[in-house]
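Below: the structure, in structure tokens.
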Amino acid sequence: MKLSLLLFFTCFLYLQILFSQDVKKQVEVGIIEHLDEFVPSDIQLMNEDGKMVNLKDQIDKPTALIFVYFRCPGICTPLMDGVADVIQKLDMKLAEDYQVITIGFDPREKIDLAIKKKKNYQSLITNQNTDDGWRFFTSDSANIARVTEALGFKYIKAGTDFTHAATVIVLSPNGKITRYLNGTYFLPFEFKLALIEASKGHSGPTMNKILQFCYSYDPVGKAYVLNVTRLSGTLILSLGLIVFLVLIIRKPRKRNYPKN
11 MKLSLLLFFT CFLYLQILFS QDVKKQVEVG IIEHLDEFVP SDIQLMNEDG KMVNLKDQID
71 KPTALIFVYF RCPGICTPLM DGVADVIQKL DMKLAEDYQV ITIGFDPREK IDLAIKKKKN
131 YQSLITNQNT DDGWRFFTSD SANIARVTEA LGFKYIKAGT DFTHAATVIV LSPNGKITRY
191 LNGTYFLPFE FKLALIEASK GHSGPTMNKI LQFCYSYDPV GKAYVLNVTR LSGTLILSLG
251 LIVFLVLIIR KPRKRNYPKN
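If you count the sequence shown from 1, you need to add 10 to reach the working numbering.
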């Protein structure tokens with residue numbers, strides 16, 4: 011019995027190591043949650059007026075922050091579409107109750123391109139103050155590297171493009187990271203709750219690690235796809251453990267019968 015338990019815990023430990031290693035392999039592209047940490051006070055960005063401003067100074071209310079690059083052929087547009095959609099559906103006033111900040115993480119892109127992208131979304135959102143409530147910024151490579159690292163946004167260059175994740179990083183009025191909303195579609199209730207919690211400085215975890223384990227980013231299709239190999243391998247190993255335990259538990263014991 012002791013040997014059986016030892017084998018079980020050895021296999022369980024192996025599963026844990028496998029899980030953690032797979033997540034770490036994907037860290038170079040994805041999100042590392044930095045909940046309860048603060049936006050650095052030395053990040054300089056260029057605003058829509060062409061002036062360099064401090065990011066921390068721009069955050070004075072619950073803030074939904076997204077990283078994109080404006081020539082992105084993949085998930086950046088669906089991400090911004092999702093943000094625009096939830097802004098219209100939300101029963102909160104943009105620029106008063108909360109704000110959205112978009113930071114272009116490609117240092118080759120200038121503020122003119124960011125402004126052009128903003129105008130595209132302003133034409134879609136007619137019921138909110140996007141002039142003051144949804145602001146776009148660009149910056150140089152040094153500042154971009156610092157802010158993406160501080161907020162846990164991991165990406166790699168792929169030719170002239172980038173491989174990266176899609177997420178909304180929710181910040182409190184004093185710049186504390188309170189939540190990550192992964193994906194490109196957001197329920198108004200979920201988005202509102204995240205902003206309300208941020209206004210109180212309350213943070214909450216996501217299912218980020220499980221999502222990273224189950225999905226891999228396909229740079230060809232520019233989308234997240236289910237990692238069937240990893241999931242099936244884990245499932246087979248788990249089922250094997252269950253069968254092993256059942257056989258051990260139900261193993262018949264020898265009975266000693268009294269001699270006549």
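We put the CB at the ideal spot given by N, CA and C, even for glycine.
Do residue i and residue j have their C-beta atoms within less than 9 Å of each other?
i, j, result
"L75", "V178", "yes"
"D46", "I187", "yes"
"K202", "L100", "yes"
"Y190", "E43", "yes"
"A105", "I135", "no"
"A175", "V39", "yes"
"T73", "V180", "yes"
"N139", "K167", "no"
"G243", "G92", "no"
"G60", "I121", "yes"
"E58", "K127", "no"
"R305", "Q98", "The structure shown does not extend to residue 305, since the chain is modelled only from 11 through 270, so no value can be given for it."
"S213", "K71", "no"
"V96", "G185", "no"
Within 10 Å of its beta-carbon, does residue i have 16 or more other beta-carbons around it, so buried, or fewer, so exposed?
i, result
"V256", "exposed"
"D116", "buried"
"V230", "Here the model assigns V230 a pLDDT of 49, short of 50, so the residue's position is not dependable and the matter cannot be decided."
"P83", "exposed"
"G143", "buried"
"V253", "exposed"
"S182", "buried"
"Y195", "exposed"
"I259", "exposed"
"A204", "buried"
"F199", "exposed"
Need the endpoints of the alpha helix (DSSP H) that residue i sits in, please.
i, result
"L89", "C86 to K99"
"L65", "L65 to Q68"
"L45", "It is not in any alpha helix (DSSP H) - L45 carries neither H nor E in the DSSP assignment."
"G143", "T140 to G143"
"L205", "P198 to S209"
Using a Cβ-Cβ cutoff of less than 7 Å, which residues in the same chain neighbour residue i once the five nearest sequence positions on both sides are dropped?
i, result
"G169", "none"
"N130", "none"
Take residue i and list the residues in its own chain whose beta-carbon comes closer than 6 Å to its own, dropping the five residues that flank it on each side.
i, result
"G114", "Y79, F80, A124 and T148"
"F163", "F77"
Near residue i, what residues of its chain come up, given a Cβ to Cβ distance below 8 Å and the 5 sequence neighbours on each side ignored?
i, result
"S151", "P117"
"N153", "I53, Q54 and L55"
Could you check where the beta strand (DSSP E) with residue i kicks off and where it finishes?
i, result
"Y131", "First-last for Y131: I121 to Q132, but that is the alpha helix (DSSP H), not the beta strand (DSSP E)."
"L191", "I187 to N192"
"T158", "Element bounds for T158: not the beta strand (DSSP E) but the alpha helix (DSSP H), S151 to L161."
"G114", "Q109 to G114"
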